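Enquirer: Sharing a structure with you now.
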Amino acid sequence: MTRDELDYDDLRRRPGFLIRRLHQIHLALFAEECGALGVTPVQYSIMTVIERQPRLDQASLCEEIGIDRATMADVLDRLEQRRLVARRRSGTDRRMKLVSMTAIGRRLLARIDPHARRAHERTVEALPADERVVFIESLRRLVEGAPNVNAAPPPTLSLRGAKRGSS
Numbered sequence: 015m016t017r018d019e020l021d022y023d024d025l026r027r028r029p030g031f032l033i034r035r036l037h038q039i040h041l042a043l044f045a046e047e048c049g050a051l052g053v054t055p056v057q058y059s060i061m062t063v064i065e066r067q068p069r070l071d072q073a074s075l076c077e078e079i080g081i082d083r084a085t086m087a088d089v090l091d092r093l094e095q096r097r098l099v100a101r102r103r104s105g106t107d108r109r110m111k112l113v114s115m116t117a118i119g120r121r122l123l124a125r126i127d128p129h130a131r132r133a134h135e136r137t138v139e140a141l142p143a144d145e146r147v148v149f150i151e152s153l154r155r156l157v158e159g160a161p162n163v164n165a166a167p168p169p170t171l172s173l174r175g176a177k178r179g180s181s
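Residue numbers (this note's numbering): 15 to 181.
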């Protein structure tokens with residue numbers, strides 16, 4: 015049986031497969047639109063949340079974005095090295111680190127926003143405008159209604175040699 019003769023309907027009906035493929039497509043589009051600005055989708059998400067919630071603590075930021083603490087610390091280290099964000103200890107709880115945008119970070123975020131919006135639009139452009147709204151709302155409901163699970167797959171499901179939590 016040749017590749018052309020294989021029936022992939024079953025695969026193309028699996029939500030996990032389709033979500034993974036759409037994610038790959040979006041990453042490629044985001045790289046096309048925003049790559050020259052040197053920010054990944056995860057970094058963009060983190061910067062967006064920090065801008066809207068100044069002085070948010072790192073643990074809350076993990077929950078908002080849906081990534082584990084180790085990945086968050088790594089991404090924030092890189093953003094801080096570029097002077098896009100600043101972290102400081104909370105005055106009320108020394109264990110807590112508060113994250114805020116720097117002026118440089120705010121300027122870069124303003125430059126990225128139109129490019130990122132274009133990547134988002136391109137991700138769903140195959141759908142008619144009215145279906146895009148329904149699609150995004152459905153995705154939001156799926157994410158918000160999902161059980162509270164760690165963003166990274168359990169170790170038994172990870173692939174050998176695969177990067178986890180890349181930003």
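Quick reminder that beta carbons are idealized off the backbone N, C-alpha and C, glycines included.
Note that the structure is predicted; figures quoted are calculated from it, not measured.
In or out: Leu-43 buried (at least 16 other Cβ within 10 Å) or exposed?
Expert: buried
Enquirer: Check Lys-177 in the structure and name its three-state DSSP category.
Expert: Here Lys-177 scores only 46 on pLDDT, less than 50, and its place in the model is too uncertain to base an answer on.
Enquirer: Going by DSSP, name the residue or residues bridged to Met-115.
Expert: Its beta-bridge partners are Val-99.
Enquirer: Should Pro-168 be labelled buried (16 or more other beta-carbon atoms within 10 Å of its own) or exposed?
Expert: Bear in mind that the predicted position of Pro-168 carries a pLDDT of just 49, short of 50, making it too unreliable to give a figure here.
Enquirer: By Cβ distance, which residues of its chain are closer than 6 angstroms to Ala-100, with the 5 residues on each side in sequence left out?
Expert: Ser-114 and Thr-116
Enquirer: How many Å lie between Asp-23 and Ile-33 at the Cα?
Expert: 15 angstroms
Enquirer: Just to confirm, are Ile-118 and Arg-97 a CB contact at a threshold of 8 angstroms?
Expert: yes
Enquirer: Could you tell me whether the region 100-110 touches the region 68-88, where touching means 3 or more Cβ pairs closer than 8 angstroms?
Expert: yes
Enquirer: Would you please state the rounded distance, in angstroms, between the beta carbons of Phe-149 and Leu-141? I believe it to be under 8 angstroms.
Expert: Yes, Phe-149 and Leu-141 are in contact; Cβ-Cβ is about 6 angstroms, under 8 angstroms.
Enquirer: With a threshold of 16 other CB atoms inside 10 Å of the CB of Ala-143, please say whether the residue is buried or exposed.
Expert: Per the 10 Å Cβ criterion, exposed.
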